[in-house]
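Data block below; observations after.
Numbering (the UniProt record's numbering), first residue to last: 1 to 290.
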């Protein structure tokens, strides 16, 4: 396999540099990319889609793995020649020059498909929401984000990072933060650290229609997160909506857990939310109200 030095040499030889407008930061250390692929696998012959491969640092590790097919979605045409050099003629590698926000992933592979990517910083959150709420959901997602975005994906009620992204992500998937990477690991180094998150879709998750209601509720609640829910959710029913969902209308969004938001979404959709299960202790973490 090509070394880290050779990857850098290839970039220099082709006169290529990261484009700030594309949010590009290249991870060229094959030891690190192999570790990410181990977190993502085993693939057991299933297909893998990688978004934004750039010069192919992560791609090389994927091609060493047990993935049956590796599909690259790259928007920047400058990197297509470099990625083409990785094709050994076995038919495992497919390169698609396209905008990942617009591509239809279901048309790229057949059967269960993993998604493994060092996502461009400027579209990482938008891509995650697309995959979580759209018609195509991968078998698993192993994604690198800016550290603050990764922390938002896995945050729990009461955490500073807890918000809409955490609720949507955890409604659909089990989410775990796998590793941190310093800015120095990238070329060029970004101004922030990065982290890898592994997400596995739940067997039971909200329908596409219910996810739309969940998005509406969380957008309103966290859009005015310092306000009580009776105020932040006023346009959706305010105190009455909360009461139908079994939620204290004087609580704030930051203390409502996933089940609470799911009940609010069901109430918003006109459904009767299931009763809160009995527990030995409180189900929601509460803070003193101002």
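Glycine included, C-beta positions come from ideal geometry on N, C-alpha and C.
For clarity, every value in this text was computed on a predicted model and none was experimentally measured.
Please go through the same chain and pick out, in chain order, the residues whose beta-carbon is closer than 7 Å to the beta-carbon of residue i, but skip the five residues on each side of it.
| i | result |
| --- | --- |
| residue 222 | 163, 164 and 253 |
| residue 230 | 238, 239, 242, 249 and 250 |
| residue 272 | none |
| residue 281 | Annotation note: pLDDT 40 at residue 281 (below 50); position unreliable, coordinate value reported separately. No residues qualify anywhere along the chain. |
| residue 267 | 241, 244, 245 and 273 |
| residue 37 | 61, 62, 65 and 116 |
| residue 200 | 140, 173 and 174 |
| residue 152 | 161, 163, 165 and 166 |
| residue 27 | 33, 57, 58, 118, 185 and 186 |
Might you give, ordered along the chain, the residues of its own chain that have their beta carbon closer than 8 Å to the beta carbon of residue i, omitting 5 neighbours on each side?
| i | result |
| --- | --- |
| residue 3 | Here residue 3 scores only 42 on pLDDT, less than 50, and its place in the model is too uncertain to base an answer on. |
| residue 190 | 25, 121, 146 and 183 |
| residue 228 | 249, 250, 251, 252 and 289 |
| residue 279 | With a pLDDT of 42 at residue 279, under the threshold of 50, the predicted position of this residue should be treated as unreliable, and no value is reported. |
| residue 206 | 171, 172, 214, 262 and 265 |
| residue 111 | 46 and 47 |
| residue 106 | 135 and 136 |
| residue 235 | 220 |
| residue 193 | 146, 147, 180, 181, 182 and 183 |
| residue 39 | 142, 178, 179, 196 and 198 |
What does DSSP give as the partner residues of residue i in its beta bridges?
| i | result |
| --- | --- |
| residue 26 | 187 |
| residue 133 | In DSSP, residue 133 forms no bridge with anything. |
| residue 73 | 51 and 96 |
| residue 114 | 48 and 140 |
| residue 155 | None; residue 155 has no bridge partner. |
| residue 175 | 199 |
| residue 261 | Looking at the DSSP assignment, residue 261 forms no beta bridge with any residue, so it has no partner. |
| residue 145 | 195 |
Buried or exposed, going by whether 16 or more other CB atoms sit within 10 Å of the CB of residue i?
| i | result |
| --- | --- |
| residue 166 | buried |
| residue 270 | exposed |
| residue 169 | buried |
| residue 202 | exposed |
| residue 150 | buried |
| residue 204 | exposed |
| residue 225 | exposed |
| residue 114 | buried |
| residue 138 | buried |
| residue 53 | buried |
| residue 55 | buried |
| residue 198 | buried |
| residue 42 | exposed |
| residue 218 | buried |
Whose C-beta lies closer than 6 Å to the C-beta of residue i among residues of the same chain, with five residues either side of it excluded?
| i | result |
| --- | --- |
| residue 73 | 51, 96, 98, 100 and 103 |
| residue 154 | 175 and 177 |
| residue 143 | 117, 119 and 197 |
Quick one: does residue i have its CB under 9 Å from some CB of chain B?
| i | result |
| --- | --- |
| residue 256 | In the structure shown, chain B cannot be found, because there is only a single protein chain. |
| task | Evaluate the contact criterion for the stretch 93-113 versus the stretch 125-141: three or more CB pairs, one atom per stretch, below 8 Å. | result | The stretch 93-113 vs the stretch 125-141: in contact.
| field | Residue ranges of each alpha helix (DSSP H) within the stretch 200-257, 4 or longer | value | 208-223, 229-232 and 238-245
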